[in-house]
Structure formats: C-alpha cells, structure tokens
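Q: Protein chains in written order, with the UniProt record's numbering: chain G, 1 to 556; chain C, 1 to 727. Just so it is clear, CB atoms sit at the ideal spot from N, CA and C, and this is done for glycine as well.
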C-alpha cells in the first residue's frame, strides 16, 4: 500500500469514527447542560465550594466565576511548582523558577499547555497529577462552559433576562459528566494499546551505542487521554505524542487524533440541539469540516510532494516524523492539533516543509475554530458567524440576524473586539521579540525559518494552542513572561467579549424567521463562513506568513 | 368605524361630499412637476461641481467621523511629509498624490450625494419667503412677521396669501396650492374639522378665507425640517451604519497592526520598508472602498425617498422599513380603487338580462357617483347599450341620436338619492325605475302592491356573501311594480396588486388588509387581492392591538394613515407613513410623510430600505474581497528581493515593484470614483427570497470583488509600464 493511500484510508476511518460519535455525544452534551437534576457527587462539590447550582447568572456574574476560578487555578499551580522541591513524590526534582512556574501555571489554566520545560526532567508525580492533570480537566471544562453560555444566549427565547445559566454547574458537569467518563474510557483504550500507566520512578538503561538513558514511568495513559480529549496538548514527556510511551502505535496515533477532534466537532450538535435546530449545528459543522479537510489535504499534498532526491526516495518529507506513523498520519495529526487548541505533536512541526509549517501556523491563526478547542472552537466559530451574518445579512436587505437575534451595534462591538485580540498579541509580541536585542538569541535558525520559530511561538501562545515549532529556546525570562502574558490575554479577553455578547443576545426578543431572513442553515452560509474566516483572519497574517513559511516554502 | 351594516357608512348611492379637489384623493401615478430633483440618475458633471465641497471636507474635524478615511488622511500627510525629506523620489510623490486623491474621492462621493439634496433645499427655501401673518387678537387683526408666530396663535389667510406657518384650519374651507412642498400643481382642499385640516407653512391659499391655528414653533416647521432633511444637516448615523462603522474600524485596526509590525519583520529579513511603502500597503488593505462610500450611501438612500416624495424623519425609520415583516394596508385607496363598481347584472325570474341592464342604465344616467357611472359603463360595455345624455335639453350629439330610444328621455324626472329613501331613479314615459338598497327597494315595490320574485333574496344573499354590495333595481309600469334584478357592485382590486403581494411574500413580508367592511366582504376582497390576512370592522383600537400583537412576536410593522384617530397606531408602528393630506396629529405621529398621499407607496419604502442595507453590505463585501489581489500585488513587490521565492506570488506578472505598489494604490483610489454611481443609485434590488438575493450579491460583489482588482491592477500596471523611465 502506498503511503498516500494509507494516509487517505486513515483519514476516512477517522471521519467515519467522528461521524458515528457525533449525534450521540452531541445530544448527550446538550442533555448534560440542560438537565435540572444534580448528581450526588456534584451536590457535594457545590456544597464544598459554596455555590448554588440552580442560581441563574447574567454575563458579568458568569464571567466573574470564570475569572475567579482561573485565577485560583493559576495561583495554586504556581505555588505547587514553586514548592515542588519540598513536596513528597517529586522524584527529587527541584522547585521551578518563578518565570517558568508562571508560564507553566498560565499555560495549563488557559488550556494552552505550552511547555517550556522538559516534562520528564522537571515535573514530579505530584505536580503532574495534582496540578497539571487537574487543569487538563477543568481548563477544558471552562472552555465548554463559556461556549454553552454563548449558545444559551442564542437559545433562550422566553426570558429576555440576559441569564446565561450557572458557571459552577456548567463547570462541574463538564468535568463529571463529559470529560471524566470519556477520559476514563479513552485511558483504558490507550493503556490497552501500550501506553504506560504506573507510578514507577526513573529507570536508567544502557544504550545500544554506549552511554545511558533515563526512562520515567508515570500515569501517562490517564493524562494522555485528557490531554487529547480536552484539547490540552501538554505531554507527560517532552517529545509529547511522538514519545513511544505516550503514543506507541499507529492505532493509538489515530485514536489520539480522534480524541482531539471528538468533543469540538460534537459540540456543534450540542449547539444545534440547544438552539432548537440541528440544521444550524450542521451548518457550523460543515464550515469547520471544510476548513479541516482542506487543510489536511493541503498538508498531505505539501508533505508528500516535497521535492529533492532524498525526499523523493523516502516518499516525501519524512524528517522529523516518526516512521511508525508515516507522513500521512503525521500530517493529519499536525493539522488536527493546530486547528484545535491542542498543541500535542507526534512529529516536529519545525521539520515540516516550509509550506507545511505555514499550514500549521495558519490553522492556529484562523483562531482555532475548525473545529477548535473544546468550547473555544465553538464560540470562536460562532463569533465568526456573527461577523459573517452581519455582512451577508446586509446583503439581503435586513438588519442582520442570527438564530433570531439581531446583530446590532452592541453585538458587532463585542465580536469586533474578539477579532482584534489575538492578531494584536501575535503581531505585537513577534515584532517586539525581533526588534529587541536579546530574544533573538533563542533562535536556532536564521532567515525565514528563524522568523517562523518566533512567529509560531506567539501564534501558538496567543491562540492557546501550545505546540512549539521546536528550535526556539523558550525557557528564557523574556519568552516565559511574554508567552505567559500572550496565553493569559489570548484566553480570557476573548472570553470577556464572548460572554458580553452572550448576555446581549440573551436580552433580545427573538425575531421571527420569514422568507426575507438569511438562511444560516444552508450550505451557502457555510461557504460564506469559510470565506469570511479565511479572508478576514487569514489576510491579517499574510505579510507575516510571507516572510516566514511562504518565503521558505516557495524558495525551492 | 365599526360597520356592521355596510350601508350606513359606505352606502353605494351616497354622493361623496365634495370636500376634496380631484387630485387630493387620486394620487396614483402622477409625476412630480418639473423643476424638482429628477429620478436620481447620476451625472458625471456633479463630480466637478461638488469638487470644492470635497476639499472643504478635508477638515480633520469632519474627517474623524469616518475612521477609515481618517487613517488615509493621516497616511497622506505622512507620505507627503516624508517625500519632502527626499524630494527627488518620484515614487513617494506619486504615491502621496494618489493617497490625497483617495481622500478627495471619498469626500467627493459624499459631496455629490449631498449636492443633490441641496438643489431641492434651495427650491424649498424659495417657498419659505418671509411672510407677513395676519394674526387674530380677539376680533382684531394685526400684521406680524411669520417668524414671530407661536403655538396657539390664530391667523387669517385669504386667497393669494402665503400660509405663514404649520397649523390646523379651525374655520372655513379653502383651496390651497401645495406645489412648493409636494411638487403637485393641482390645488387641494383644506377645511376645518375632519382629517383634512392640516396646512403647511409656505403653501399658498388660492381661494376663500380660512382661520388657522398655528401648531409649530418658528424654525421647526415642516418646511424647515424638510430643508434640514434633504440637505443632510439633520442626518444622524443610523444604528446599522454605526455597527458597520465599528466593524470597519476594527478591520482598520487589525490591518494597522499588520502594517505597523511589518518593519520589524522586514528588518529581520534584511530589507528596509519606507514609510511611503508602508502607508501604501495600509491604505490598500483597510476597507477604503466602503469607508469612502458609506455616508454617500446613507444620504443617497434618504434622497431616493425624497425623490419619491416621501420624507423620512429619521434614517432609523428608513432602515426599519427594510426590516418590516408585516404591512398594514388600508383597503380603500391602497388595495382597491376608491369606489365600488358594477360588475354584473343578475336578473330575477321573469326578467331578461337586457331588460335589467337597460333599466339599470336608465336609472343611473343622472347618477354622478362613481358607482352610478360604473353601472352605465357596464351596461355599455357588456350589453352594448349606448350612453344616453341624461338630461333631455342637452344638445343631442350624433351618438345620442343613434341610441335605442332617445325619445324616452324627454321629460324624464330624476329622483335623487337621499339618506331617507336610500334610492335613486327616474320617472319617464310612465315608467318609474328605482335602484337602491335591498330593503328600501322591496318596501317601494310592496307599497305599490308589486310582487317580489322569489329568487330575489337568493341573488342578494349570493352577492353579499361574495363580498359585493347588492343594489336592487325595480320598475313600475303598465305591468305593475316588480323587482327586475340585482346590480352586483364590488370593490375593484387595483391592477397588479396580487403580483405585488406575491413579491412581498417572497421577501418574507406579510400583508394585512385593514377595512371597515364586515368580515364576509373583507374576506372576499382579501382573497381576490391575495393579501395574507385581513382585519375587518377595524376600529383604531383594533389596529393598535394588531400592531402590538405583531410587535410582541418580534415583528416590525409598517402602516399608513391620515386621520387623527390613526395617530396612536402611526406612533406605535415601526414605520408609520402619514399622508400629507392628513391631519397634523397624524403627521407628527408617523416617522415618514408621503407628500403624494399615496398609500401604495409603503411597498416602495420597504424596498428602498432594503436597497440601502444591501448596498452597504455589497460594497463591504467587495471592499474586503479586494484585499486578496492587493496582497498578491504588494507582498512580492516588497520582499521578492530578499526572498526570491516570493516572486511566485506575483501572479499578475506586474512589471516592477514600484509599479506594482503604485498600481494597487491607483486602483484603490479609482474604484471609489467608479463605484460612486452605484452608491448613489443603490444596488439593483429585485423582490426575491433572501437566499436568491444572497447568492446573487455574493457572486457579483464577493466573487467580483476577488477578481476585479486582479484585472484592474494588471491594467493599470500595463499603462504605467508604458511611461518611459518607470516600469
């Protein structure tokens, strides 16, 4: 079987698996977030944190919940790392430096999971399990909660009170009813297929060519499951999903891609069910799937078609890719991880072809909305839909409306602010890093590729992706701090505007649908949404991309 | 106006009270008089005449209102300043010049749009000559300047006087020339009481004497407001325009960031970008096309209404018109012609159709009501009966000589309709013919011992059921008194209304017919006209309740009205169009005034509202889609020197980097001028479903916007490369 055919077959299997899970999981999540009953364990949690799970919140209260919870998460994770040296179960690792501890704490709370440390050489069992793994669950649940709040802004037709649900309920249910059960099943599957799951210490092994190598044990399968499922991406090991303990076989590789895409795609179904029209969900899904498939095809094409004698012998750009996965599967993984906010990698993105590297960057630059991170993908795409509806709605001669809500001055203001944040962070920090004398020292390469290293880092951080282009030594005060700030602002400022938008929508009286209404459930609208995403967001980065991956990719 | 018995209010035989000049209630299809603003065609000469205004608008305090163009202005200043540091650089100067032109073109678009309103404002000002008012103080008259009148003052106007201010006639009746406002030369009748009491300052009394109670303060009169409106002085940004401006501003910031960070990237790559090049790139990327034309589109939208003699009191109302999903239309005058017409003759047993037609015609010859005339016409058209001159002493024309029985009219005695008899007719040659309401005619026959054919009731019932009005025709001659048959009078739906309503339905707009008729009649007309729903026996309260009910469901409602009792509903409706012939209360309550008093125009108003939004959306899409091509022109021009691979992006094969950048800038400027006519005229609007409209506009302006600049920039580059020393 040719490698191209193998790649295509894997892609088809992946699509089939996602399609099978779409309806049941999407419906289930809609029930989870609409249910009025509480599980016993949830009641215990609510009692523990002193929250009334049935109190409705308007957007400022909901936002306060999000921010307070995340702030506590950052502080706790920071403290845990700073105290690692004196905590038991730390495998003898020292406390983490302040800048790196800040960076890591922010990174995991913002669902970014950028790692400026070597997991197996810095973090002990306590930090990994009690700190990082916990955030893997809750940071994902926060994203889903915000997305659900926005969906409620569209869906709630009767109240007009601006109420968006209860943050604590959404957060807890996201963990107890969605992430934990799914992660448990996924962890069992991964462990069964060879991913390690133990609390073993460091093993020293002699190497074939002489010298020795250290091998850590750890609760890897459980963390791997939520790492992909929650679109976190922070690996137990530095090599991430390229490491054989995290991702031993082609099957686990495909399964991990499936886990990455599972919730983000299915959330469009949840959206459709909650707004009372699954077709609306399909339209958003269609836009996401179009971009995702387009990017995957592009990536496979650029990686397989790369020219040069060595590459042609190998059948494509194999450098930096694991032979056990091959070019096709690595391409699918790279696109999935950068079009979501995952950032897990099973290959070195730096070693992709110039254009391939550009595809990974553009994927993140689009705002990670196809299908995007858990929750953040849906709300990102819905904000883009609001913009698309505004322009298209004008073209049908009415004040634009989406799902029966008018897109007026307030809504556009929030959507436009949302749109501004990540480009501002990415471009400003990249320019600053290039203009200042010291940050440039972190680059391994010069020229266009070196530029890509820095551009990639800030794109990844501001979009809460967390993957790295490799090559960049990010463990410096400058990068730890600025990337931390980029992650923090890139996560929570958009949430502010998403929740404000949701609140504004929830106060509206719905407009009835007539023949004069823009039909947002039609393929035409999905196409328009894709065009809008590509042109509005894509064009922002065109000059930057031209000087990095395009300059490199078109040079040959 | 509850009309359980249609005959009480809309008695077919009643003669309309002659309070209106013919034109005031027959407003359909007339053209504005000469001298007013034309049909809105764009004239290239306007570009030249508006040029001074375009320069005046360069004032930064004015420019700052349009964030996109303000950025271009700053860019122009920067590049010009930069060019002074390097005076030998033709490229810098050329770019600067074209950037200035971009700003000027944008101002020009606005100036042209405003200029068209100014012409009309001048006409109005002429009408607002300083008048001397004859104020009544007690019984005494005193002469005061019109500007000193305050609310509540009573003034006297006689034939030849200019009415000094807006008000209501409280005494008398007069014919008034309102051409200064409406452009309509035929005079209208204004009288105290009722729904035709409002007069407008600046109009002229042609006959008789009226006393007017002033209802507005000087400077706030209708004509003042009109001048403000057409000049755009009162123009405020509409909600939708503000929203679009926010989106454009945020796109501008995004591209500002992209350009501001580029020098750092370029320096790293080993090339230096000059200020001129950066500004050029920025101006090409920010949505200048829509930014330049946005206010022109808004002004032109209002102007299109003005050209149709509709004054919108706010731009918000025009936008709301595009969103309307329910139209309330009055039956009479809007859906049907003003009057009922005879549609058929139904003879009762023992009578032939011709016999009935002949009697009916004979009885109606002197009946000057539209209903009466229609009986004569029907008899003539359908039964070949010639018209006969009603009064015998008229000079018999050639035609009259050929009528069947000319002699019978000699000595005819015409019986006029009265509210008591509710019949009219003729006594001639020993025959008495009567036609009128069923009850009255039957009573008349029975009085004379005549027989009522047993199928009379059935015929009357059938016509009533079909929504028509039955008129009984009876005769008394040598054979005694008897009923001959029934004339079927029915409302005649205006031509083309059904198609209009189908169009509206396709646009997603529901039409509701409002009528004082009983439900039976209303339903028949509603079915015939093809409206979606009707409100029968409608009182003003019913109307109000209907509007509130629709609005509670999130719908926007538009209606027309003229009476004082319409005022609350007009105020409640999202778009309330008051007829100019109506009371000042109605005109105050509505947010638009139709100077032609043509209720059918509501449909056009909706279309203009939609067209306004479509034009904005289409040009925004076009503007954003343009960016793709500009990138392909500029990026390789900037960086192909350091990264030769990027020359592959130079898909247009532009001749040189300088020429590429210049071509993009020139295209960017020229496209503004090229689109001015479109902005003023509005994007072509056809009443089709939202889906079809989106598909069409996306193809034309989205896809077109992607492709057009590739062609345009290439073409400009070809021309530039011909200039020796460049290229």
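Cα separation between residue 528/C and residue 505/C?
A: Distance between the alpha carbons of residue 528/C and residue 505/C is about 16 Å.
Q: Spatial neighbours of residue 651/C within its chain, please: C-beta separation below 6 Å, excluding the five flanking residues on both sides.
A: Excluding sequence neighbours, residue 651/C sits near 632.
Q: Counting only beta-carbon separations shorter than 8 Å, does residue 519/G have a partner in chain C?
A: Judged by the 8 Å Cβ criterion, residue 519/G is in contact with chain C.
Q: Whose C-beta lies closer than 6 Å to the C-beta of residue 399/C among residues of the same chain, with five residues either side of it excluded?
A: Annotation note: pLDDT 41 at residue 399/C (below 50); position unreliable, coordinate value reported separately. If we look at residue 399/C and ignore the five residues flanking it on each side, it has no Cβ neighbours.
Q: Three-state secondary structure (DSSP) at residue 434/G?
A: DSSP places residue 434/G in helix when its eight states are reduced to three.
Q: For residue 181/G, count neighbouring Cβ atoms within 10 angstroms of its own Cβ and tell me buried if that reaches 16, exposed if not.
A: Exposed is the call here.
Q: In its own chain, which residues sit with a C-beta less than 6 Å from the C-beta of residue 548/G, not counting the 5 before and 5 after it?
A: Cβ within range, chain order: 448, 451, 452 and 455.
Q: Nearest to residue 663/C by CA position, among 639/C, 621/C and 718/C, is which residue?
A: The candidate whose alpha carbon is nearest that of residue 663/C is 718/C.
Q: If we define contact as Cβ-Cβ less than 8 Å, is residue 388/G a contact residue for chain B?
A: Of the protein chains in this structure, namely G and C, none is chain B.
Q: Give the straight-line distance between the Cα atoms of residue 150/G and residue 274/G, rounded to the nearest whole angstrom.
A: Taking the straight line joining both Cα atoms gives about 11 Å.
Q: Helix, strand or coil, according to DSSP, for residue 562/C in the structure here?
A: Residue 562/C falls in the coil class under three-state DSSP.
Q: Strictly by DSSP, which residues pair up with residue 535/G?
A: In the DSSP output, where bridge partners are listed per residue, residue 535/G has none listed.
Q: Assess contact between the segment 580 to 595 of chain C and the segment 625 to 640 of chain C, defined as three or more Cβ pairs (one per stretch) separated by less than 8 Å. Is contact present?
A: Cβ pair count under 8 Å is below three, so no.
Q: From this set, 472/G, 326/G, 33/G and 21/G, which residue's C-alpha is nearest residue 440/G's C-alpha?
A: It is 472/G whose Cα lies nearest to the Cα of residue 440/G.
Q: Note down, in chain order, all residues in the segment 236 to 257 of chain C with a beta-carbon under 8 Å from any beta-carbon belonging to chain G.
A: Taking 8 Å as the Cβ-Cβ cut-off against chain G, the residues of the segment 236 to 257 of chain C that qualify are 239, 240, 242, 243, 244, 246, 247, 249, 250, 251, 253, 254, 255 and 257.
Q: Find the nearest neighbour of residue 482/C within the set 350/C, 255/C and 715/C, judged by alpha-carbon distance.
A: Comparing Cα positions, the closest option is 350/C.
Q: Looking at residue 387/G and residue 380/G, is the spacing between their C-beta atoms short of 8 Å?
A: Result no, Cβ atoms of residue 380/G and residue 387/G do not sit closer than 8 Å.
Q: Count the other CB atoms within 10 Å of the CB of residue 347/C; is the residue buried (16 or more) or exposed (fewer)?
A: Classification for residue 347/C: buried.
Q: With a floor of 3 residues, list each beta strand (DSSP E) that falls wholly inside the segment 466 to 545 of chain C, ordered by position along the chain.
A: If we require 3 residues or more, the beta strand (DSSP E) runs fully inside the segment 466 to 545 of chain C come out as 469 to 477, 480 to 493, 510 to 514 and 533 to 535.
Q: For residue 14/G, collect the residues of the same chain with a Cβ closer than 8 Å to its Cβ; drop the 5 residues on either side in sequence, then sort them by chain order.
A: Counting only Cβ-Cβ distances below 8 Å, and skipping sequence neighbours, we find 254, 257, 258, 261 and 332.
Q: With a threshold of 7 Å on Cβ separation, who are the neighbours of residue 39/C within its own chain once the five nearest residues in sequence on each side are excluded?
A: Confidence at residue 39/C is low in this model, with a pLDDT of 39, below 50, so the placement of that residue is unreliable and no value is reported for it.
Q: Are residue 353/G and residue 553/G touching if we call contact CB-CB under 8 Å?
A: The answer is yes: Cβ separation under 8 Å.
Q: Tell me whether residue 49/G is buried or exposed, calling it buried when 16 or more other Cβ atoms sit within 10 Å of its Cβ.
A: The residue in question, residue 49/G, is exposed, as its Cβ has fewer than 16 Cβ neighbours within 10 Å.
Q: Take residue 97/G as the anchor and find which of 508/G, 481/G, 166/G and 519/G has the nearest alpha-carbon.
A: Per the Cα distances, 481/G.
Q: Measure from the alpha carbon of residue 496/G to the alpha carbon of each residue in 442/G, 284/G and 415/G, then state which is nearest.
A: The shortest Cα separation from residue 496/G among 442/G, 284/G and 415/G belongs to 415/G.
Q: Pull up the CB-CB distance for residue 543/C and residue 328/C, whole angstroms please, since I reckon it's below 8 Å.
A: That pair is a contact at about 7 Å.
Q: Mind listing, in chain order, the continuous alpha helix (DSSP H) runs of no fewer than 4 residues lying wholly within the segment 197 to 255 of chain G?
A: The qualifying runs are 220 to 229.
Q: Let me know the secondary structure DSSP gives residue 400/C once reduced to three states.
A: Confidence in residue 400/C is poor, its pLDDT being 39 and thus under 50, which makes the residue's placement unreliable; the coordinate value appears in the next sentence. Looking at residue 400/C - three-state DSSP - the assignment turns out to be helix.
Q: CA-CA distance, residue 95/C and residue 81/C?
A: Near 12 Å, if we compare the C-alpha coordinates of residue 81/C and residue 95/C.
Q: So the alpha helix (DSSP H) residue 308/C belongs to, where does it begin and stop?
A: Note, residue 308/C: premise wrong, no alpha helix (DSSP H); not H, not E.
Q: Classify residue 39/G as helix, strand or coil using the three-state DSSP reduction.
A: In the structure shown, residue 39/G sits in coil (DSSP, three-state: anything other than H, G, I, E or B).
Q: Just verifying my parser: in three-state terms, what is the DSSP assignment at residue 121/G?
A: Here residue 121/G sits in helix by DSSP.
Q: So which of 216/G, 348/G, 195/G and 197/G has the shortest CA-CA distance to residue 205/G?
A: Nearest C-alpha to residue 205/G: 216/G.
Q: DSSP three-state label for residue 580/C, please.
A: Residue state, collapsed to three classes: coil.
Q: Once the 5 residues before and after residue 419/C are set aside, which same chain residues still bring their CB inside 6 Å of it?
A: Contacts found: none.
Q: Quick one, which of 646/C, 315/C and 284/C has its alpha-carbon nearest residue 299/C's?
A: Among 646/C, 315/C and 284/C, the Cα nearest to that of residue 299/C belongs to 315/C.
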